[in-house]
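Counting from 1, position 63 in the sequence shown corresponds to residue 187 in my numbering; the numbering is continuous, with no gaps.
Every residue, glycine too, gets a C-beta built ideally from N, C-alpha and C.
This one's a predicted model, so the numbers in the text were calculated from it and none came from an experiment.
Take a look at the structure below.
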Amino acid sequence: MKNYKLAVVGATGVVGRTALKVLEEKNLPISEYAFFASKRSCGQKVSFLGKDYTIQELNENSFDEHFDFAIFSAGSSTSEKYAPIAASKGCIVVDNSSCFRMDKDVPLVVPEVNPEDIKKNKGIIANPNCSTIQAVVALKPLDDNFKIKRIVYSTYQAVSGAGRDGIYDLENGIEHFQKGDNYINNTKSTPYELKKFPYPIFNNCLPHIDNFLDNGYTKEEMKMINETKKILHNDSLAITATTVRVPVINSHSESINVEFEKEYNLDDVKKILSEFPGITVIDDISNLKYPIATDCTGKNEVFVGRIRRDYSLNSGINLWVVADNIRKGAATNAIQIVEKLIEFDK
Ligand code: A2P
């Protein structure tokens, strides 16, 4: 069997480190690995599959030696500069940033949903936004069966989605709260450092993820809207979204309201969802069983619960969808794309 060579760019970050864990858990036919980060981390050691590796500084020549695949998780500007260089040297890049997602020449892929799009790649495949990935896994089987007309997304997103600085802001906020420090109305009466968010995330819900746009939405909201249309191959879907950062370390939760073209039966919906690859249904309200962030952290699947009819519509449904945003929302999805590339290469 062919053995492949894989690079991880951003190997020291939150997503990169999880990618290493997921790669260790899977038994992929990859015989050589290289790990890249910025100058800051150059020379650091990582232990991976029983071997010590040295983190290398990413530069223009990093892809002069041949890699079959590279997973990039080092932010948009790094991807913009280096992903085309890697691709021009014959490496297929799976990019976690938002840089190429809406590029018509770049497939945007969730392997359970649109695996065939992988075959159209010209060297770069984009991993969707974390909140989009878990949503479309839940929506795909419903769209196939009942044809979705409209979607309303409301998200409750963990700080790990904002990288190390996001986690720092929550942990640091908790520490200061315990010491009695107060951060009221942004007056900084007892100031403490905020590295990522404009307000303390501890004790708050911030209806603001990524920058605001002229239309009043945030970039994160527009990512969910546009990426869902691209992945489900349906530009005319009606979608709206409100994305909220909440004081949860890891795993995004989403309330998804869906209107269908066709009538449906609730038991059929539950069956269809539970039979779809990558979904685990947890929906037993009489025993208080529904997906919660702490249970979903460390798992690769998408969890769906609170499946119930929306009585305000002819054919509408409400879902509660939770997934580990760093695993299924980023690292796991990227590695599943690599697995598919290997499968298609046979
Ligand atoms: P480093 O650790 O050297 O800063 P997170 O989003 O969790 O903060 O992680 C970002 C990841 O992207 C880290 O691995 C970081 O490396 C990496 N990174 C940031 N800027 C660059 C760059 N210019 N070149 C390569 N890797 C980068």
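Report task. May I have the straight-line CA-CA distance separating residue 197 from residue 418, to the nearest angstrom? Result -> In the sequence shown, counting from the first residue as 1, residue 197 sits at position 73. In the sequence shown, counting from the first residue as 1, residue 418 sits at position 294. So the two alpha carbons sit approximately 24 Å from each other.
Query raised in the report: So, helix, strand or coil for residue 225, using DSSP?
Result: Here residue 225 refers to the residue found at position 101 when the sequence shown is read from its first residue. Coil at residue 225, not helix or strand.
**Report entry** Straight-line Cα distance separating residue 430 from residue 266
**Finding:** By one-based count along the sequence shown, residue 266 stands at place 142. By one-based count along the sequence shown, residue 430 stands at place 306. In a straight line, the C-alpha of residue 266 is about 15 Å away from that of residue 430.
Requested in this report: From the DSSP output, in three-state form, read off residue 268 for me.
Outcome: The residue you call residue 268 lines up with position 144 of the sequence shown. If DSSP states are grouped into helix, strand and coil, residue 268 belongs with the helices.
Query raised in the report: Applying the criterion that 16 or more other CB atoms from any shown protein chain within 10 Å of the CB defines a buried residue, is residue 190 buried or exposed?
Result: Locating residue 190 in the sequence shown gives position 66, counting from the first residue. It counts as exposed.
Query raised in the report: Residue range of the alpha helix (DSSP H) that residue 301 falls in?
Result: What you label residue 301 is simply residue 177 of the sequence shown in a count that begins at 1. Here the alpha helix (DSSP H) through residue 301 covers 287-302.
**Report entry** Check whether residue 253 and residue 344 have beta carbons under 9 Å apart
**Finding:** Taking the sequence shown and counting its residues from 1, one reaches residue 253 at position 129. Taking the sequence shown and counting its residues from 1, one reaches residue 344 at position 220. Yes.
Query raised in the report: If we count the other Cβ atoms within 10 Å of its Cβ and call it buried at 16 or more, is residue 409 buried or exposed?
Result: On the sequence shown, residue 409 is found 285 positions in, with the first residue counted as 1. Classification for residue 409: exposed.
Report task. For residue 348, collect the residues of the same chain with a Cβ closer than 6 Å to its Cβ; drop the 5 residues on either side in sequence, then sort them by chain order. Result -> The residue given as residue 348 occupies position 224 in the sequence shown. Cβ within range, chain order: 255, 256, 277, 365.
Query raised in the report: Around the Cβ of residue 110, are there at least 16 other Cβ atoms within 10 angstroms (buried) or fewer (exposed)?
Result: Since the first residue of the chain shown is 125 and the last is 470, residue 110 is not available in this structure.
Report task. Report the option in 341, 280, 317 whose CA atom is closest to the CA atom of residue 295. Result -> Along the sequence shown, read from residue 1 onward, the residue named residue 295 stands at position 171. For residue 295, the nearest C-alpha among the options comes from 317.
**Report entry** beta-carbon residue 289 near ligand 1 non-hydrogen atom, thresh 8 Å
**Finding:** Position 165 of the sequence shown, counted from the start, is the residue given in the question as residue 289. Yes, the Cβ of residue 289 comes within 8 Å of a heavy atom of ligand 1.
Query raised in the report: Who are residue 180's beta bridge partners in DSSP?
Result: Mapped onto the sequence shown, residue 180 falls at position 56. DSSP lists 160 as partners of residue 180.
Query - Rounded straight-line distance, which links the Cα of residue 448 to that of residue 151 - result: Residue mapping note: residue 151 aligns to position 27 of the sequence shown, counting from 1. Residue mapping note: residue 448 aligns to position 324 of the sequence shown, counting from 1. Each residue's Cα considered, the two are about 21 Å apart.
Query raised in the report: Is the Cβ-Cβ distance between residue 304 and residue 220 less than 9 Å?
Result: As a working note, residue 304 is residue 180 in the sequence shown. As a working note, residue 220 is residue 96 in the sequence shown. Not in contact: residue 304 and residue 220 (Cβ atoms no closer than 9 Å).
Report task. Would you mind working out which of 244, 275, 161 sits nearest residue 353, comparing C-alpha positions? Result -> Residue numbering aside, residue 353 sits at position 229 when the sequence shown is read from its first letter. That would be 275, whose Cα lies nearest to the Cα of residue 353.
Requested in this report: State buried or exposed for residue 167, treating a residue as buried only when at least 16 other CB atoms are found within 10 Å of its CB.
Outcome: Taking the sequence shown and counting its residues from 1, one reaches residue 167 at position 43. Exposed, by the Cβ-count rule.
Requested in this report: Over the uninterrupted beta strand (DSSP E) stretch that includes residue 362, give me the two end residues.
Outcome: Numbered from 1 along the sequence shown, position 238 holds the residue referred to as residue 362. Counting along the chain, the beta strand (DSSP E) containing residue 362 begins and ends at 362-369.
Query raised in the report: For residue 240, which three-state DSSP category applies?
Result: Sequence index remark: in the sequence shown, residue 240 carries index 116 (1-based). If DSSP states are grouped into helix, strand and coil, residue 240 belongs with the helices.
Query - Exposure of residue 178, with buried meaning 16 or more beta-carbon neighbours within 10 Å - result: The residue given as residue 178 occupies position 54 in the sequence shown. So residue 178 ends up on the exposed side.
Query raised in the report: For ligand 1, is there a heavy atom less than 8 Å away from the beta-carbon of residue 162?
Result: Here residue 162 is taken as the residue at index 38 of the sequence shown, counted from 1. Result yes, Cβ under 8 Å from ligand 1.
Query raised in the report: Considering residue 148, what are the terminal residues of the alpha helix (DSSP H) in which it resides?
Result: In the sequence shown, counting from the first residue as 1, residue 148 sits at position 24. Looking at the DSSP string, the run of the alpha helix (DSSP H) that includes residue 148 is 138-149.
Query raised in the report: Does the distance from the C-beta atom of residue 330 to that of residue 288 stay below 9 Å?
Result: Mapped onto the sequence shown, residue 330 falls at position 206. Mapped onto the sequence shown, residue 288 falls at position 164. Not in contact: residue 330 and residue 288 (Cβ atoms no closer than 9 Å).
Query raised in the report: Regarding residue 320 and ligand 2, is the C-beta to nearest heavy atom distance less than 8 Å?
Result: For the structure depicted, ligand 2 is absent and the ligand set comprises only ligand 1.
Query - Reference residue 139; option with closest CA among 464, 218, 211 - result: Indexing the sequence shown from 1 puts residue 139 at position 15. The residue with the shortest Cα to Cα distance from residue 139 is 218.
Query raised in the report: With 16 other CB atoms within 10 Å as the buried threshold, where does residue 147 fall?
Result: Numbered from its first residue, the sequence shown carries residue 147 at position 23. By the neighbour-count rule (16 or more Cβ atoms within 10 Å), residue 147 is buried.
Report task. To the nearest angstrom, report how far apart residue 170 and residue 225 are at their CA atoms. Result -> For the purposes of this step, residue 170 is identified with residue 46 of the sequence shown, where counting begins at 1. For the purposes of this step, residue 225 is identified with residue 101 of the sequence shown, where counting begins at 1. Approximately 30 Å, taken between the alpha carbons.
Query - residue 201 beta carbon near ligand 1 (any heavy atom closer than 8 Å) - result: The residue labelled residue 201 in the question sits at position 77 within the sequence shown. Within the cutoff, so yes.
Query raised in the report: Can you list, in chain order, the stretches of the beta strand (DSSP E) that have 3 or more residues and sit fully within the segment 188-232?
Result: 193-196, 216-219
Query raised in the report: Comparing alpha-carbon positions, which option in 371, 187, 302, 339 lies nearest residue 323?
Result: Start at 1 with the first residue of the sequence shown, and residue 323 comes out as number 199. The shortest Cα separation from residue 323 among 371, 187, 302, 339 belongs to 371.
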